[in-house]
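In the numbering used here, the protein residues as written are 12 to 186.
By construction, the Cβ of each residue, glycine as well, lies at the ideal position given by its N, Cα and C atoms.
Here the structure is a predicted model, which means the values were calculated and not measured.
Just below is one structure, and these are the notes that go with it.
Encoded structure:
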């Protein structure tokens, strides 16, 4: 049984949904999990944990600034734990962008951070047009248009491969 510090950043709730599913899967393996939103960071005693997992969404090509601050401020403590990172983004809806080596947002994260996670995952996210404000809806529609994605703003599109999420969770469990 491990105790896992699981930090996540979710723009519209989909990364939170993925994180909660993973937390449930860890709990079934009798692990204790503290799931924490990066925007509500308590003081963390890393010595209470065996593992660290970070899940982060992308919006307009960027990660939440609190994620990188947290990593850079706590790098030495994170590296003492078995650790992992996963990104959730719409680019990963394309099969050729679903691996850590092919996804541009993994590369970006590794460039911006000094952390080299033990385990890295990439999951396709969700485009939820009806939920977006006017500006976001039209900017995302334009991005989808130029990248060959869905542009019907009356619909939501979930691209997540839930079997890939389960496999990553199982693999992280083995660290």
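TODO: Flag this pair as yes or no: are the beta carbons of residue 57 and residue 180 separated by less than 8 Å?
DONE: Translated into positions along the chain shown, residue 57 becomes position 46. Translated into positions along the chain shown, residue 180 becomes position 169. No, Cβ-Cβ distance for residue 57 and residue 180 is not below 8 Å.
Open item on the list: Beta-carbon within less than 7 Å of residue 54's beta-carbon, same chain only, minus the 5 sequence neighbours each way: which residues are those?
Closed with: Indexing the chain shown from 1 puts residue 54 at position 43. Nothing meets the Cβ criterion.
TODO: Name the residue from 185, 184 and 176 whose alpha carbon lies nearest to the alpha carbon of residue 28.
DONE: Within the chain shown, the letter at position 17 stands for residue 28. Out of 185, 184 and 176, 176 has the C-alpha closest to the C-alpha of residue 28.
Task: Minimum length 4: unbroken alpha helix (DSSP H) runs contained in the region 132-159 - done: 145-157
TODO: May I ask which residues mark the beginning and end of the alpha helix (DSSP H) holding residue 26?
DONE: Here residue 26 refers to the residue found at position 15 of the chain shown. It spans 25-39 - the alpha helix (DSSP H) in which residue 26 sits, taken as one unbroken run.
Task: Exposure of residue 153, with buried meaning 16 or more beta-carbon neighbours within 10 Å - done: Walking along the chain shown from the start, residue 153 turns up at place 142. Flag for residue 153 reads exposed.
Open item on the list: Could you tell me the alpha carbon to alpha carbon distance between residue 90 and residue 163, rounded to whole angstroms?
Closed with: By one-based count along the chain shown, residue 90 stands at place 79. By one-based count along the chain shown, residue 163 stands at place 152. Spanning the two alpha carbons is a distance of roughly 43 Å.
- [ ] Identify every run of the alpha helix (DSSP H) within the region 77-124, keeping only runs that are complete inside it and at least 4 residues long; order them along the chain.
- [x] 115-123
Task: DSSP state of residue 166 mapped onto helix, strand, coil - done: For the purposes of this step, residue 166 is taken as the residue at position 155 of the chain shown. Correct three-state label for residue 166: coil.
Open item on the list: Rounded to the nearest angstrom, what separates residue 189 and residue 44 at their Cα positions?
Closed with: A question about residue 189 goes unanswered here, because the residues of the chain that appear run from 12 up to 186.
Open item on the list: Between which two residues does the beta strand (DSSP E) holding residue 57 run?
Closed with: Counted from its first residue, the chain shown places residue 57 at position 46. Segment: none, residue 57 is in no beta strand (DSSP E) and carries neither H nor E.
Open item on the list: Run through the DSSP bridge pairs and tell me what residue 16 is partnered with.
Closed with: By one-based count along the chain shown, residue 16 stands at place 5. The partner list for residue 16 (beta bridge, DSSP) reads 45 and 63.
- [ ] Helix, strand or coil for residue 75, going by three-state DSSP, please let me know.
- [x] As a position in the chain shown, residue 75 is number 64, starting the count at 1. Shown here, residue 75 sits in coil according to DSSP, grouped into three states, outside any helix or strand.
Open item on the list: As a quick exercise: from 71, 171 and 93, pick the residue whose alpha carbon is nearest that of residue 61.
Closed with: Start at 1 with the first residue of the chain shown, and residue 61 comes out as number 50. Checked all of 71, 171 and 93; the closest Cα to residue 61 is 93.
Open item on the list: Let me check one thing: in DSSP terms, what residues is residue 130 bridge-paired to?
Closed with: Numbered from 1 along the chain shown, position 119 holds the residue referred to as residue 130. Residue 130 is bridged to 95.
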